[in-house]
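All letters in the sequence shown, in the order written, are residues 80 to 728 by the working numbering. From the three backbone atoms N, C-alpha and C, an ideal C-beta is built for every residue, glycine too. Remember, it's a predicted structure, so these values are computed and weren't measured experimentally.
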Amino acid sequence: MEPNQNDKSGDGSGKSGRNNPNIAGFLIIGLVITFVLNTFIGNWVADRKVQIEYGQFIQLVESGSVRQVQIETDQIALTLKNDADRNRVAGILRLDAAARDAGGPLVLNQGRQSDHQVYYTGRLDDPGLTERLIANEVAFYKPIIRSNPITNFVSSWIFPLLIFYGLYYIIMRNFTSRMGGLGGMMQVGKSKAKHYDMEKNTGVTFNDVAGQDEAKESLSEMVDFLHSPEKYRTIGAIQPKGALLVGPPGTGKTLLAKAVAGEAKVPFFFLSGSEFVEMYVGVGASRVRDLFAEAAKRAPCIIFIDEIDAIGKSRDNQLGSNDEREQTLNQLLAEMDGFASSKGILILAATNRPDVLDKALLRPGRFDRRVIVEKPDLVGREAILAVHAKKVSLDAGVDFREIALATSGATGADLANMVNEAALRAVRLGRTRVIQEDLIEAVEVVIAGKEKKDRILNPREKRMVAFHEVGHALASALQKGGQPVHKITIVPRTMGSLGYTMNMPEEERYLMTRSELLTRITALLAGRAAEDVEFGEMSTGASNDIEEATKLARSMVTQYGMSDKFGMMSLESRQNQYLDGRNVFTASEATGADVDREVSRILGECYAKALELLRVNREKLREIAECLLEKETISGVRFMEILQDRKTA
Ligand code: ADP
Ligand code: MG
Ligand code: ZN
């Protein structure tokens, strides 16, 4: 994978302009707080001191009441020797205060005198002071660190500001990481660096996308638009502005979009719809603006919006409406209309829920093309395996066709994952090449989870599981049109199964007939039937089978028109085609009860058939189950051998 390069240049210019006002704002707040604190603390300290006149000071010194003085640049602070003196001074001060009334008494807080009460007086130019202090045995000193204006300034202004800056830094960093990379409240919406990635060259080509030929075909036209726009302009054709890639997750939509950019050799702007919508209204819209502005500078280029349904959800049929999303969507629509397609910006978007998209997005002139990206078929899967296997060293005996057959319904992402799992397994087992067994095991890991060897079943449980699985296998093998058995195992797996039977179709099927569906349901129910036949008991191990069988039977009745009772009446409609959504029942409630009865009847018939099949072949069931108990895993080939031996014997 190419590392995504964040677009540095698009961001660099804006960055300083964006950050400075915030720091400045923060510092101004800091300054105000510092000012308030300075004044407050200054006053508070002043409160603790009582100012006296210089004359009183001299008088106190002469009367021997002063213990010590501290001579500072502009004032002299003094403490007295004992309570008697203090009271005396307090008395004098009170008298003074009374005498001078409110006309600016120099006295503050006389009630607060305590042991540490400090008095002070302004410092006069008094040459005789030193001698007088010595004569009266007053301890006096000047502070060594003189409070000069510069240190004063630093300690009361610069230092607090530095602390505020530190706080700002820490808060912003926390905030940023929590907000997913945004610069916090003050710059929400302006920041764009993390909201899309830009790759100058994706390095992905159509060769990296296996299968998906139809999608590639429609997209290669887009590549051509970007390559040689004149060709289209001269004939008067208007180049489409956007295409919507529609398909289930993991089918390669993102990969295809990158491949278009790679083929056209143009920059690729990638962003995810869900990242666009924030909790603040207006943010998404401003991001859309930013993105298009940046893209316009770099045209021709491709903008890819992943998961566009996050913004593009239909604006009606909403319970609470979402202002933010609507604004973002409107902005997107406006931008799409705004740029002339001759500019060479192509917008690709991906979704797996095309049904919920706003109609406005889909009208001609916006996402007017729809490219369907389906789950790969057999040939597609084989090709995808081959593409991904190029990156690992393979043993000569590897057969992709077999793996592709076993992985019906798997997406490109699943297959890529399987190849990697296989390579990991090969390394784990000390091999330098991936062999077929690794791949098959990887398929099973993806389908059923890893083997769970430490889960010990008690012998009775184990027996039951073995019979259950052989029941499935026999029902598959003995019915006409049943799927061949590939493997039976009773090694528990992490995803909850205690054992399983793996069927492998001989070919890819696109249709299933009614009798094939019934065969399948019978095979699913045969696990439970085997428990019943052998032990006259039932276990909880059949729950998945029952669920699956019920789903099939229900679809037969409600969707496929295969029941005698309802005929070809559609009773359910499918919700979202590309995700495994629920089906919605469309008929009346009374019909619903009838449907349930019909489904139950089908299941009952199939179960009866499975029971009968296993009763008739009870010896085979036992024989194979014993073999499975002993070996824990038997291959489809071995299974057929035992089965056919019995038949011919
Ligand atoms: P989507 O966007 O449709 O959910 P991605 O494009 O993200 O799927 O596909 C995920 C991964 O699956 C890709 O990185 C790629 O490795 C693999 N993949 C999917 N489809 C294909 C394909 N057709 N050919 C090759 N690799 C594929
Ligand atoms: Mg994707
Ligand atoms: Zn089962």
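Could you check if A181 is buried or exposed, using at least 16 other CB atoms within 10 Å of its CB as the buried criterion? For the purposes of this step, residue 181 is taken as the residue at position 102 of the sequence shown. Interpretation of A181 is limited by its pLDDT of 49, a score under 50 that renders its predicted location unreliable; no figure is taken from the coordinates.
Neighbourhood of R653 by C-beta, 6 angstroms cutoff - its chain only, sequence neighbours within 5 removed: Against the sequence shown, residue 653 aligns to sequence position 574. Here the set comprises N662.
Status (buried if at least 16 other CB within 10 Å, exposed otherwise) for V452: Walking along the sequence shown from the start, residue 452 turns up at place 373. Flag for V452 reads buried.
Since E278 is in the beta strand (DSSP E), which residue starts that stretch and which ends it? Against the sequence shown, residue 278 aligns to sequence position 199. Counting along the chain, the beta strand (DSSP E) containing E278 begins and ends at 276-278.
Looking only at its chain, what residues have a beta carbon closer than 6 angstroms to the beta carbon of E677, apart from the 5 residues adjacent to it on each side? Along the sequence shown, read from residue 1 onward, the residue named residue 677 stands at position 598. Only V636, S642, K644 meet the Cβ criterion.
Count the other CB atoms, across all protein chains shown, that sit within 10 Å of the CB of T330; report buried if there are 16 or more and exposed otherwise. The residue given as residue 330 occupies position 251 in the sequence shown. So T330 ends up on the buried side.
Select from N231, K221, S144, P239 the residue whose C-alpha is nearest the C-alpha of I60. There is no way to answer for residue 60, as the model of the chain reaches only from 80 to 728.
Could you give the DSSP three-state label for R572: helix, strand or coil? What you label residue 572 is simply residue 493 of the sequence shown in a count that begins at 1. The answer is strand: DSSP assigns R572 an E or B state.
How many Å lie between T490 and I713 at the Cα? For the purposes of this step, residue 490 is taken as residue 411 along the sequence shown, with counting starting at 1. For the purposes of this step, residue 713 is taken as residue 634 along the sequence shown, with counting starting at 1. Roughly 28 angstroms between the two C-alpha positions.
DSSP bridge partner residues for R449 (one or two, in chain order): The residue given as residue 449 occupies position 370 in the sequence shown. In DSSP, R449 forms a bridge with L323.
For the candidate residues S351, P563, M415, whose alpha-carbon lies nearest to that of A389? On the sequence shown, residue 389 is found 310 positions in, with the first residue counted as 1. It is S351.
Counting by C-beta, which residues lie closer than 5 angstroms to a heavy atom of the ligand ZN, in chain order? G606, D624
Curious, which full-length beta strand (DSSP E) runs of at least 3 residues does the region 282-361 contain? 321-325, 347-351
Thinking C-beta only, is D276 closer than 9 angstroms to F348? Along the sequence shown, read from residue 1 onward, the residue named residue 348 stands at position 269. Along the sequence shown, read from residue 1 onward, the residue named residue 276 stands at position 197. Against a cut-off of 9 angstroms, the Cβ pair of D276 and F348 comes out as a contact.
Starting from the C-beta of A378, find all residues in its chain whose C-beta is less than 7 angstroms away, skip the five residues before and the five after it, and write them out in chain order. For the purposes of this step, residue 378 is taken as the residue at position 299 of the sequence shown. K422, G423, I424.
Return helix, strand or coil for M543, following the three-state DSSP convention. Here residue 543 corresponds to residue number 464 of the sequence shown, with the count starting at 1. Helix at M543.
What is the DSSP secondary structure of T430, counted as helix, strand or coil? If you number the sequence shown from 1, residue 430 lands on position 351. Here T430 sits in strand by DSSP.
Mind reading off the beta-carbon distance from V522 to A485? Whole number of angstroms is fine, and I expect it under 8 angstroms. Within the sequence shown, numbered from 1, the residue matching residue 522 stands at position 443. Within the sequence shown, numbered from 1, the residue matching residue 485 stands at position 406. Correct: roughly 5 angstroms between the Cβ atoms.
Measuring straight from C-alpha to C-alpha, what distance separates Q266 and G361? Stepping through the sequence shown from its first residue, residue 266 is reached at position 187. Stepping through the sequence shown from its first residue, residue 361 is reached at position 282. In this prediction, Q266 scores a pLDDT of 45, lower than 50, which makes its location untrustworthy; the coordinate-derived value is nonetheless stated afterwards. If I take the Cα positions, the gap works out to 12 angstroms.
Selection from A374, E500, N117 that minimises the alpha carbon distance to L518: Position 439 of the sequence shown, counted from the start, is the residue given in the question as residue 518. Considering only alpha carbons, the answer is E500.
In whole angstroms, give me the CA-to-CA distance for T568 and L457. As a working mapping, residue 568 is identified with position 489 in the sequence shown. As a working mapping, residue 457 is identified with position 378 in the sequence shown. One C-alpha to the other measures close to 25 angstroms.
Simplified DSSP state of M415, which is helix, strand or coil: If you number the sequence shown from 1, residue 415 lands on position 336. DSSP, read as helix, strand or coil, puts M415 in helix.
A545 beta carbon less than 9 angstroms from that of A689: Counted from its first residue, the sequence shown places residue 689 at position 610. Counted from its first residue, the sequence shown places residue 545 at position 466. No, the pair does not count as a contact, with Cβ atoms beyond the cut-off.
Curious, which full-length beta strand (DSSP E) runs of at least 3 residues does the region 484-535 contain? none
First and last residue of the beta strand (DSSP E) that includes D385? Start at 1 with the first residue of the sequence shown, and residue 385 comes out as number 306. Counting along the chain, the beta strand (DSSP E) containing D385 begins and ends at 380-385.
Nearest residue (CA-CA) to G104, options Y244, A214, N161: Within the sequence shown, the letter at position 25 stands for residue 104. The shortest C-alpha to C-alpha distance from G104 to any of Y244, A214, N161 is the one to Y244.
Bridge-paired residues (DSSP) for G201: In the sequence shown, residue 201 corresponds to position 122, counting from 1. In DSSP, G201 forms a bridge with Q154.
Excluding the five sequence neighbours on either side, which residues of its own chain have a C-beta within less than 7 angstroms of the C-beta of E585, listed in chain order? The residue you call residue 585 lines up with position 506 of the sequence shown. Within the same chain, E585 has close Cβ partners P563.
Taking the C-alpha atoms as reference points, what is the distance between Y199 and V148? Sequence index remark: in the sequence shown, residue 199 carries index 120 (1-based). Sequence index remark: in the sequence shown, residue 148 carries index 69 (1-based). Cα to Cα, the separation comes out at about 9 angstroms.
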